[in-house]
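Inspection log for the structure reproduced underneath, given as structure tokens.
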Amino acid sequence: MRYEIGPIRPPNEAYSLLVRFTRNCPWNQCAFCRVYKGKKFEKRPVNKIKEDIDIIRGIRDDAVALSWKKGYAGSVNDDLIDLIFSTPSYNEFYKNVAMWLYFGGKNVFIQDANSLAMKPEDFIEALTYLKETFPSIDRVTSYARSRTIAKRLTVENLTCMRNAGLTRLHVGMETGSDFLLNYIKKGVTKQENILCGKKVKEAGIELSEYVVLGLGGKKWWEEHAAETADALNKINPDFIRFRTLKVLKDMPLYQKVESGDFVIQHEEEILIEENSSLKNSKE
């Protein structure tokens, strides 16, 4: 039994069920990202998403039946997990569902980089089917792109998604500086980031904003810190998650490092930048 799983998810979704609504990233030009380069973005048909959900349900039912067979009364406990992970015939998909059940079977992360690029009605149909299939689910989260929400989706669209079960969106703002947003080819403006955040909050969906520390380098760190704090103050997200820039050779940003145009900060300088952002943010 196999179903599609995308390449990444937020760190705090480690024990969530991963359900793939879209493949890869529709923008895919960010200079600091390497995950989806060379891969085509696709919106998966709703019937294919439902087929994956049915496969996951089949795995769930099989795992519960195995638990009863082994005398664990339907519980996916330590002993059952040990059995599943030590048996070669159980593949990674089976193990993923088993671990999801082990941790309560309540959280789901919808993949890939921007699932809200789907037609709202398709997204809602797929999400509704997921919730109907697994009534135990109480948290559904997804990545979303600021420009998609700012330009294509209304608060009403987002509210309907929330009513269907969407509880939190992870948005990569990265920086509040328009100069840096253009420099890293993010394809979005500060104002669009702010508009996106306000729409999500108005719709009653939890908002987790991501900021990349070090994205301003040695030259523009002060602008990065100040403009990011200003944008976050105007959005007032539920969560702010800091990630530290790491430039690898297969990232477009690496070429700017090699040319000397972008100068990477030392760890101490990044801490100073983070402290500056926090000082400029509302408590």
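Going by this note's numbering, the residue at position 36 of the sequence shown is 17; the numbering climbs one at a time, nothing skipped. In this text, a Cβ means the ideal position worked out from N, Cα and C, and glycines have one as well. Bear in mind the structure is a predicted one, so any value in this text is a computation, not a measurement.
{"Check": "What are the partner residues of Q92, as DSSP defines its beta bridges?", "Outcome": "R1"}
{"Check": "What first and last residue would you give for the beta strand (DSSP E) that runs through V78?", "Outcome": "Unbroken run through V78 is the alpha helix (DSSP H), E73 to Y83; no beta strand (DSSP E)."}
{"Check": "Hey, M80 and Y(-4) are a contact pair by Cβ (cut 8 Å); roughly how many whole angstroms apart?", "Outcome": "7 Å"}
{"Check": "Have a look at I40, G153 and R1 and flag the residue whose alpha-carbon is nearest the alpha-carbon of F220.", "Outcome": "G153"}
{"Check": "Given a threshold of 16 other Cβ atoms within 10 Å of its Cβ, counted over all protein chains shown, does T156 qualify as buried or as exposed?", "Outcome": "buried"}
{"Check": "When we look at the beta-carbon of L150 and count the other beta-carbons within 10 Å, is it buried (16 or more) or exposed?", "Outcome": "buried"}
{"Check": "Are V244 and K199 closer than 9 Å when you measure CB to CB?", "Outcome": "yes"}
{"Check": "For the putative contact between G168 and W8, defined by C-beta atoms under 8 Å, what is the C-beta separation to the nearest angstrom?", "Outcome": "5 Å"}
{"Check": "Would you mind reading off the limits of the beta strand (DSSP E) that contains T225?", "Outcome": "F220 to T225"}
{"Check": "Given 8 Å as the limit, is there contact between the segment 69 to 78 and the segment 104 to 113, that is, 3 or more CB pairs closer than that?", "Outcome": "no"}
{"Check": "Give the DSSP-derived three-state secondary structure of S70 in the structure shown.", "Outcome": "coil"}
{"Check": "Between which two residues does the beta strand (DSSP E) carrying S185 extend?", "Outcome": "The sequence given here has Gly at residue 185, not Ser. Counting along the chain, G185 falls outside any beta strand (DSSP E), and DSSP gives it neither H nor E."}
{"Check": "Grab me the residues of G86's own chain with a C-beta within less than 6 Å of its C-beta, minus the 5 sequence neighbours each way, in chain order.", "Outcome": "S117"}
{"Check": "Smallest Cα separation from L46: which of V57, I36 and I37?", "Outcome": "According to the sequence shown, residue 46 is Ala rather than Leu. Per the Cα distances, V57."}
{"Check": "Using 9 Å as the threshold, is the C-beta distance between Y124 and D93 below it?", "Outcome": "yes"}
{"Check": "Select from N(-7), I36 and R15 the residue whose C-alpha is nearest the C-alpha of R1.", "Outcome": "I36"}
{"Check": "Assuming M142 is part of the alpha helix (DSSP H), what are its boundary residues?", "Outcome": "V136 to A145"}
{"Check": "In angstroms with no decimal places, state the Cα-to-Cα distance between M232 and L188.", "Outcome": "27 Å"}
{"Check": "Using the three-state DSSP reduction, which class does P125 fall into: helix, strand or coil?", "Outcome": "The sequence shown places Ala at residue 125, rather than the Pro named in the question. In the structure shown, A125 sits in a strand (DSSP, three-state: E or B)."}
{"Check": "In angstroms, rounded to a whole number, what distance separates the CA positions of A207 and N174?", "Outcome": "15 Å"}
{"Check": "Considering only the alpha carbon of each residue, which of C14, R143 and M(-18) lies closest to I165?", "Outcome": "C14"}
{"Check": "Do V192 and F223 have their CB atoms nearer than 9 Å?", "Outcome": "yes"}
{"Check": "Give me the Cα-Cα distance between G185 and L176, rounded to the nearest whole angstrom.", "Outcome": "15 Å"}
{"Check": "Check for me: the beta strand (DSSP E) holding H151 runs from which residue to which?", "Outcome": "R149 to E155"}
{"Check": "Helix, strand or coil for L229 per DSSP?", "Outcome": "coil"}
{"Check": "Count the other C-beta atoms from every protein chain shown that fall within 10 angstroms of the C-beta of S162, then say buried if there are 16 or more, exposed otherwise.", "Outcome": "In the sequence on display, residue 162 carries Leu and not Ser. It counts as buried."}
{"Check": "Please report the distance separating the alpha-carbon of K180 from that of L61.", "Outcome": "44 Å"}
{"Check": "Where does Y110 sit, in a helix, a strand or coil, going by DSSP?", "Outcome": "helix"}
{"Check": "Assign V193 to one of three DSSP states: helix, strand, or coil.", "Outcome": "strand"}
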